[in-house]
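Once you know that position 395 of the sequence shown is 421 in UniProt numbering, the rest is easy, because the numbers rise by one and skip nothing. For every residue, glycine included, the Cβ atom is placed at its ideal position computed from N, Cα and C. Below is one structure, written out as structure tokens, with a few remarks after it.
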Amino acid sequence: AHLDAIAQQNERVGAFLETFDESALQLADQIDEKRQKGEPLGPLAGIPVAIKDNLCIQGEVTSCASKMLSEFRSLYTSTAVQNLLDAGAIPLGRTNLDEFAMGSSCENSAIQLTRNPWNTDCAPGGSSGGSAAAVAARMAPIALGSDTGGSIRQPAALCGIVGMKPTYGRVSRYGLVAFASSLDQIGPFARTVDDAAALLEAVWGHDDRDSTSVNVEFPSLNISELSPIENLRIGIVPEHYGEGLDPEVQTAIDNAVQTYKELGAEIVELEMKHAKYGVAAYYIIAPSEASSNLSRYDGVHYGHRADNFENLTGMYEASRGEGFGPEVKRRIMIGAYALSSGYYDAYYLKALKIRRLIAQDYQQAFEKVDVVLSPTSPTPAFRIGELSDSPLQMYLNDIYTIGANLAGIPGISIPAGHTGDGLPVGMQLLAPAYEEVRLLRAAKMFE
Ligand code: GLN
């Protein structure tokens with residue numbers, strides 16, 4: 027049924043880069059057989075999942091929506107996808123993204139445009155826009171994405187679905203093509219909080235193959251069995267509600283706050299002194315790590331190699347020049363500059379200090395409140411082309427989401443109404459590190 031839905035919808039939406047029709051049907055048959063024999067089935071047995079195309083699946087292309095990797099086939103399967111397979115889930119296909127997950131609209135994909143299913147003149151958000159659009163258009167019930175600065179939560183908000191970034195280290199990054207390693211985290215997209223929890227529970231867990239994978243307790247996420255949180259304390263940051271926030275988003279969030287009050291929550295105003303430096307710090311740290319991570323694409327080991335060059339350096343230059351798109355090049359240049367001697371202290375080190383202060387702000391906030399509530403994105407879905415000429419405007423889309431990545435804490439975006447034009451509005455909740463159960467329970471209360 028989902029492959030049929032893709033056949034009907036994908037031309038309009040452009041969420042999938044490729045579908046795995048044959049292997050998906052094969053896996054479905056295998057699960058059916060198991061069921062008939064009465065063999066034990068995994069928790070996601072038979073559930074189709076869309077996979078963001080920066081997660082490796084052995085034998086399949088992992089393009090990162092880049093010309094650099096458009097023909098690259100993975101030699102191994104990422105832990106997250108392997109965990110899904112072990113749970114009985116069925117990978118349906120690979121979904122579009124901004125090239126190497128750099129962007130907030132999917133317009134940086136070197137392969138195709140993805141459109142917002144609610145209004146195809148609008149972007150689905152990014153970078154995991156393909157996964158979000160696939161779930162919103164009912165082409166997949168659940169999907170995996172990755173979130174470095176908001177790439178799960180922002181497209182979830184713009185497409186009217188649930189998207190969650192777990193605590194850094196909860197889901198193994200083994201086999202996730204690295205963008206900014208200290209910020210990247212894999213997470214679920216779903217139509218409901220319960221489904222997101224079920225998907226997260228299937229993929230998370232300690233993994234020896236990722237040195238940043240945490241070895242802590244992984245609690246049950248069967249949240250439908252858990253009660254709402256009594257006396258929930260919700261923090262809001264008055265500074266969030268200023269310039270740049272779309273009035274219709276503001277109204278939806280005000281209404282959400284009201285709903286929580288009626289559910290018995292206490293609203294506490296917070297001061298987040300360093301939040302205003304978040305975007306600036308992120309756009310030093312993420313490009314710095316990216317410039318280092320992307321140095322591996324040299325045209326020798328894997329990926330695109332230019333046809334014409336004169337010597338080794340020329341081959342590197344031509345291969346990288348042809349293989350990377352403009353936003354990726356911009357990030358590499360910013361990162362290389364920020365890390366270079368003489369500028370390192372002024373930019374990279376300074377950004378790291380701000381990162382620490384932002385993390386401390388959250389730590390202090392969570393002494394007073396259980397969760398922090400904000401818009402997910404300052405605007406609803408914007409028109410394709412509207413921001414693509416202005417990188418800075420595009421970067422400002424991440425203003426509410428970036429803090430969670432800098433601090434390593436979990437965040438979720440859930441639908442919180444829509445605009446007069448019928449575009450979805452998302453609300454973000456954040457919780458302290460490792461408090462996913464609290465976060466999901468608080469989200470479910472609203473749902
Ligand atoms: N929009 C942000 C960026 O362009 C975040 C992307 C992401 O989370 N992968 O870097």
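From this set, the options, which residue's C-alpha is nearest residue i's C-alpha?
| i | options | result |
| --- | --- | --- |
| ALA113 | GLN84, THR88, ILE77, ALA228 | ALA228 |
| SER96 | THR105, ASP79, GLN84, ALA106 | ASP79 |
| GLU288 | ALA301, ASN257, LYS376 | ASN257 |
| ALA391 | TYR342, ARG464, ILE438, LEU296 | LEU296 |
| ASN319 | TYR102, ALA206, THR405, THR285 | ALA206 |
| residue 509 | GLY304, LEU53, GLN84 | Because the chain is modelled from 27 through 473, residue 509 falls outside the range shown and cannot be assessed. |
| SER157 | ALA182, GLU133, GLY176, LEU139 | ALA182 |
| ALA204 | TYR342, SER314, GLU59 | SER314 |
| SER439 | SER414, ALA433, PRO401, ILE428 | PRO401 |
| LEU81 | THR445, ALA115, ARG120 | ARG120 |
| GLY186 | PRO458, PRO150, GLY176 | PRO150 |
| LEU378 | ILE311, GLN34, TYR194 | ILE311 |
| TYR421 | HIS327, ALA307, ALA433 | ALA307 |
| LYS63 | ASP55, SER153, PRO69 | ASP55 |
| GLU462 | LEU247, ALA291, VAL240 | LEU247 |
| GLY411 | MET94, ALA291, SER130, ARG322 | SER130 |
| GLU269 | ILE425, ASN36, PRO417 | ILE425 |
| MET471 | THR445, PRO450, PRO441, VAL451 | PRO441 |
| ASN109 | GLU336, ILE77, MET128, ALA457 | ILE77 |
| GLN419 | GLY443, GLU343, ALA344, TYR309 | TYR309 |
| LYS299 | LEU70, PHE335, GLY85, GLU265 | GLU265 |
If residue i sits next to residue j, beta carbons under 8 Å apart, how far is it from one beta carbon to the other, in whole angstroms?
| i | j | result |
| --- | --- | --- |
| LEU226 | PRO245 | LEU226 to PRO245, Cβ: 11 Å. No contact. |
| VAL107 | GLU44 | Incorrect: roughly 15 Å between the Cβ atoms, too far for contact. |
| residue 481 | VAL188 | A query on residue 481 cannot be resolved here, the shown segment of the chain reaching from 27 to 473 and no further. |
| TYR460 | VAL197 | Not quite, the Cβ-Cβ distance comes to about 13 Å (not below 8 Å), so this is no contact. |
| ASP221 | ILE249 | Not confirmed; about 11 Å, so no contact. |
| ALA301 | VAL263 | 7 Å |
| ILE255 | ILE293 | With 8 Å as the limit, ILE255 and ILE293 do not qualify as a contact, their Cβ atoms being about 14 Å apart. |
| LEU123 | CYS90 | 7 Å |
| ILE428 | GLY175 | 5 Å |
| LEU271 | PRO404 | 5 Å |
| ARG199 | ASP234 | The pair is not a contact, with the Cβ atoms about 13 Å apart (cut-off 8 Å). |
| VAL397 | LEU465 | 7 Å |
| ALA127 | SER177 | 6 Å |
| VAL39 | ALA163 | 5 Å |
| ALA385 | LEU449 | About 33 Å separates the two Cβ atoms, so there is no contact after all. |
Please classify residue i: is it buried, with 16 or more other beta-carbons within 10 angstroms of its beta-carbon, or exposed?
| i | result |
| --- | --- |
| GLN211 | buried |
| GLN454 | buried |
| ASP387 | buried |
| GLU48 | exposed |
| GLU125 | buried |
| MET165 | buried |
| ASP447 | exposed |
| MET359 | exposed |
| GLU353 | buried |
| ALA223 | buried |
| GLY437 | buried |
| SER135 | buried |
| GLN34 | exposed |
| SER153 | buried |
| TYR286 | buried |
| GLU393 | exposed |
How far does the beta strand (DSSP E) with residue i in it reach, from first residue to last?
| i | result |
| --- | --- |
| MET420 | That residue, MET420, is in no beta strand (DSSP E); its alpha helix (DSSP H) goes 417 to 422. |
| PRO117 | 116 to 121 |
| HIS444 | 437 to 444 |
| GLN108 | Not the beta strand (DSSP E): GLN108 falls in the alpha helix (DSSP H), residues 105 to 112. |
| ILE410 | Element bounds for ILE410: n/a, residue is neither H nor E. |
| GLN454 | 450 to 456 |
Could you check where the alpha helix (DSSP H) with residue i kicks off and where it finishes?
| i | result |
| --- | --- |
| SER92 | Here SER92 belongs to no alpha helix (DSSP H), and DSSP marks it neither H nor E. |
| ALA316 | 304 to 319 |
| PRO401 | Element bounds for PRO401: not the alpha helix (DSSP H) but the beta strand (DSSP E), 397 to 401. |
| GLY155 | 155 to 162 |
| GLY64 | Run containing GLY64: none; DSSP gives neither H nor E here. |
| GLY340 | 338 to 349 |
| GLU393 | 376 to 394 |
| GLU269 | Here GLU269 belongs to no alpha helix (DSSP H), and DSSP marks it neither H nor E. |
| GLY429 | 428 to 433 |
According to DSSP, residue i sits in a beta bridge with which residue or residues?
| i | result |
| --- | --- |
| GLU295 | ILE262 |
| PRO463 | According to the sequence displayed, residue 463 carries Val and not Pro. The partner list for VAL463 (beta bridge, DSSP) is empty, contrary to what the question assumes. |
| PHE42 | THR121 |
| PHE215 | ALA169, GLY189 |
| CYS132 | BP columns for CYS132 are empty, so no partner. |
| CYS82 | In the DSSP output, where bridge partners are listed per residue, CYS82 has none listed. |
| ILE249 | DSSP, once it has assigned bridges, lists no residue as partnering ILE249. |
| LEU202 | LEU81 |
| PRO143 | None; PRO143 has no bridge partner. |
| ALA76 | GLY119, ALA169 |
| ARG99 | VAL87 |
Please report whether the beta-carbon of residue i lies at a distance below 8 Å from any beta-carbon of chain C.
| i | result |
| --- | --- |
| ALA364 | Of the protein chains in this structure there is only one, and it is not chain C. |
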